[in-house]
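When we follow the working numbering, the leftmost residue of the sequence shown carries the number 41, and every step to the right adds one.
Just so it is clear, CB atoms sit at the ideal spot from N, CA and C, and this is done for glycine as well.
Bear in mind that the values here come from a model prediction, so they are computed numbers and not experimental data.
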Amino acid sequence: MRQILKNIAMTAVVMLLTLVIWGCRSDSDSSNITDQKTSVEDGFYIYYINDGWTDISMKKMDVDQQLSSENTVDLVMKALLEGGGTSKFGTPVPAGMTYQRYIYDGYGTVNLIFEADLENVDPYALVLSKEAFVKTLSQIDQVHVVVYEMVDTVNESNVVKDKLTLESFADIDNMTDSEKEIRIFMPDSSGTALVEKSLTLDYSQKESLPEQVMKGLGSSYDGTVTPLNNKTVVKSISVEDGLCTVIFNDAFVNGKEGVDDNVLVYSIVDSLLELDDVNLVQLRPDNTGNRLNDIDLERKFTGDYSYVTR
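This is the structure we're talking about:
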């Protein structure tokens, strides 16, 4: 119930942001950078955050078109991290997080790496931060994807990655700007087939989208059962180059009584493949074995929808 109330409150805050985020902005005191008052049709803009973390503020920046993409990324990151000179134009790194470094691969992807106290980072501040970095960097012609990576300060093996593009924030002016609905596939009550259900993902939550999918598979729906036994724990989830790797504790290899092993596996695999940046799925127990009875867990799974009831 507390989580439901929290989600309701979060939705209300997001609705408020849509009313004010593109509001009036005052003049800049910088000779090289000027405020954006109406649209972003011309020029390059740095997306900052105000000191209350309730609004995004944009400032126009002169960028030499002759610079290489590497130098442009470096210049823009420096501007983002130094801030715009006043409290209205703050660096978009939330409280509880520390920027570490970025990696530009030269082929269109910028990977941002932060240390984060994941239990205490405000989820609304997080979605503002992601929006600011993505919308700023995506103005560079050669940048198409921004990977927002957070390493947990409490447990360094807990790494949360979000692969983001402008499309991730395409509906930021709507009340559902941070939400996306996907299909997930739950075992039916007989455990021999999969049933399609709907799950709403929320970009404003501190859990990554794959984590939200796995959490959704642990929920109850009419006529379905969860795919995992009650001793199985998801220890970590990561997405790298289209491969989503889910690491479980050793209880995973015991399967679930009453659920066919293939139905169990493809409940997870088919659901995770609904995410735009996931093309393959690997399911790994933490320490023991590489098989779930007759199923080889060394393999990388593609989708199999033959178990889905129509």
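Exercise. Can you tell me whether DSSP reads ASN139 as helix, strand or coil?
Worked result: A small correction: the amino acid at residue 139 is Tyr; Asn does not occupy that position in the sequence shown. Strand.
For this session: Kindly indicate the opening and closing residues of the alpha helix (DSSP H) around PRO134.
Result: No alpha helix (DSSP H) holds PRO134; DSSP gives it neither H nor E.
Problem set entry | Buried versus exposed call for ILE143 [16 or more other C-beta atoms within 10 Å across all chains shown] | exposed
For this session: Go ahead and label THR272 buried or exposed: buried means 16 or more other beta carbons lie within 10 angstroms of its beta carbon, across all protein chains shown.
Result: buried
Problem set entry | ILE180 (DSSP reduced to helix, strand or coil) | coil
Problem set entry | Residue environment, LEU59, which counts as buried when at least 16 other CB atoms sit within 10 Å | In this prediction, LEU59 has a pLDDT of 35, which is less than 50 and means its spatial position is unreliable; what the coordinates show is noted afterwards. LEU59 comes out exposed.
Exercise. To the nearest angstrom, how far is it from the Cα of SER197 to the Cα of VAL116?
Worked result: 30 Å
Problem set entry | Under the three-state DSSP convention, the category GLU297 falls into | coil
Exercise. How would you call TYR147, buried or exposed, if buried means at least 16 neighbouring beta carbons within 10 angstroms?
Worked result: exposed
Problem set entry | Rounded straight-line distance, which links the Cα of SER230 to that of ALA172 | 47 Å
Exercise. Just checking my contact of LYS201 with GLU189 at CB under 8 Å: how many whole Å lie between their CB atoms?
Worked result: 5 Å
For this session: Starting from the C-beta of VAL253, find all residues in its chain whose C-beta is less than 6 Å away, skip the five residues before and the five after it, and write them out in chain order.
Result: SER311 and LEU312
Exercise. Got a sec? Which residues, its chain only, sit under 8 Å from VAL103 by beta carbon, not counting five neighbours each side?
Worked result: PHE84, THR112, LEU115 and VAL116
Problem set entry | Cα-Cα separation, SER260 to THR240 | 15 Å
Problem set entry | 8 Å Cβ shell around SER127 - same chain, five flanking residues per side excluded | ASN90 and ASP91
For this session: Just tell me which of GLU247, LEU120 and LEU107 has its CA closest to the CA of LEU177.
Result: LEU120
Problem set entry | Cα-Cα separation, PRO227 to GLU110 | 48 Å
Problem set entry | Beta-carbon proximity of GLU221 to SER238, cut-off 7 Å | yes
For this session: Could you name the residues of the same chain whose beta carbon sits closer than 6 Å to that of VAL321, not counting the 5 residues immediately before and after it, in chain order?
Result: CYS284, VAL309, LEU312 and PHE341
Exercise. Name the DSSP beta bridge partners of GLU236, please?
Worked result: PHE225
For this session: Provide the residue(s) that pair with LEU27 in DSSP beta bridges, ordered along the chain.
Result: Any answer about residue 27 is impossible in this case: the structure gives the chain only from 41 up to 350.
For this session: Within the same chain, show all residues whose beta-carbon is closer than 8 Å to that of GLY63, passing over the 5 residues directly before and after it, in chain order.
Result: Reliability of the predicted coordinates at GLY63 is poor, the pLDDT of 39 falling under 50, and no value is obtained from them.
Exercise. Considering VAL150, what are the terminal residues of the beta strand (DSSP E) in which it resides?
Worked result: 149 to 156
Problem set entry | Those residues which DSSP pairs with PHE288 across a bridge | VAL274 and PRO325
Problem set entry | Identity of the residue in ASN333, VAL305 and ASP326 nearest ASP344 by Cα | VAL305
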